[in-house]
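Start counting the sequence shown at 1; every next residue gets the next number (our numbering).
By construction, the Cβ of each residue, glycine as well, lies at the ideal position given by its N, Cα and C atoms.
Quick caveat: nothing in here was measured; it's all calculated off a predicted structure.
Encoded as structure tokens, the structure appears first; notes follow it.
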Amino acid sequence: MLQADSRSEIKLPARNVRELARSMKKAVNGALDHWRYRVLLNRQAFPQPARAILVVCKGNICRSPLAEAYLKDQVKKSGLPIDVYSAGLETSFGKPAHPLAQLVGTQGGLILNQHATQPLHKEQVERADMILVMEWR
């Protein structure tokens, strides 16, 4: 259960945070594995390596910022020249990442305190070589 103290911080049992972080990593890695498989299956579909990855969810405050931060971390570690960015289908400019997303990110070594929401625009979609949609089924 979520609890708030006098400083309005969200406290979760460490087990829940680890499970949420593991679930997010699994979803992102699964999408990337599927993309790699499709590239190998039909190399002509992607003649150039991806240079820009767009991560989209509804509000751009939880799922897509976490996935964006995780992918940016992986890209940085690999040294690949890939731009990773995120946007929301139903959001406005400038909202921070949700405190729970920031907590999960911190537990995973990711920093989300600089995140500001971005509504999805046509130019972002056109610029992306790969689009990951972070929605539950």
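Legend entry - Endpoints, alpha helix (DSSP H) assigned at D83: No alpha helix (DSSP H) contains D83, which is instead part of the beta strand (DSSP E) from 83-88.
Inset, instruction - Can you have a look at G94 and say buried or exposed, based on whether 16 or more other CB atoms are within 10 angstroms of its CB? - result: Classification for G94: exposed.
Inset, instruction - Compute the Euclidean distance between the alpha carbons of N113 and A97, then round it to the nearest angstrom. - result: For N113 and A97, the gap between their C-alpha atoms comes out near 7 Å.
Legend entry - Inter-residue Cα distance where the pair is D83 and W136: Approximately 25 Å between the Cα atoms of the pair.
Legend entry - Buried versus exposed call for L80 [16 or more other C-beta atoms within 10 Å across all chains shown]: Result: exposed.
Legend entry - Backbone CA spacing between E19 and L54 [nearest angstrom]: Their Cα atoms are separated by approximately 24 Å.
Inset, instruction - Give the single residue among K26, V28, A87 whose Cα lies nearest to the Cα of A128. - result: Ranked by how close their Cα comes to the Cα of A128, the residues K26, V28, A87 have A87 in first place.
Inset, instruction - Give the C-beta separation of M134 and R22 to the nearest angstrom, bearing in mind that I take them to be a contact with Cβ-Cβ under 8 Å. - result: Under the criterion of beta carbons closer than 8 Å, M134 and R22 do not qualify as touching, at roughly 15 Å.
Inset, instruction - With a 10 Å radius around its C-beta and 16 neighbouring C-beta atoms as the bar for buried, classify V90 as buried or exposed. - result: Here residue 90 turns out to be Glu, not Val, going by the sequence shown. Taking a 10 Å sphere around the C-beta of E90, we find fewer than 16 other C-beta atoms and assign the residue as exposed.
Inset, instruction - Quick one: using the 10 Å Cβ neighbour count with 16 as the cut-off for buried, is Q48 buried or exposed? - result: Under a 10 Å Cβ-count criterion, Q48 is classified as exposed, with fewer than 16 other Cβ atoms of the shown protein chains found around its own Cβ.
Inset, instruction - Identify which residue in E123, E126, A101, N29 has its Cα closest to the Cα of V75. - result: Comparing Cα-Cα distances from V75 to each of E123, E126, A101, N29, the minimum goes to N29.
Legend entry - Buried or exposed (CB count within 10 angstroms, at least 16 for buried), I111: When all chains shown are included, I111 counts as exposed.
Inset, instruction - Can you tell me the Cβ-Cβ gap for L66 and V17, rounded? I've got them flagged as a contact below 8 Å. - result: Rounded to the nearest angstrom, the Cβ distance from L66 to V17 is 12 Å, too far for a contact under 8 Å.
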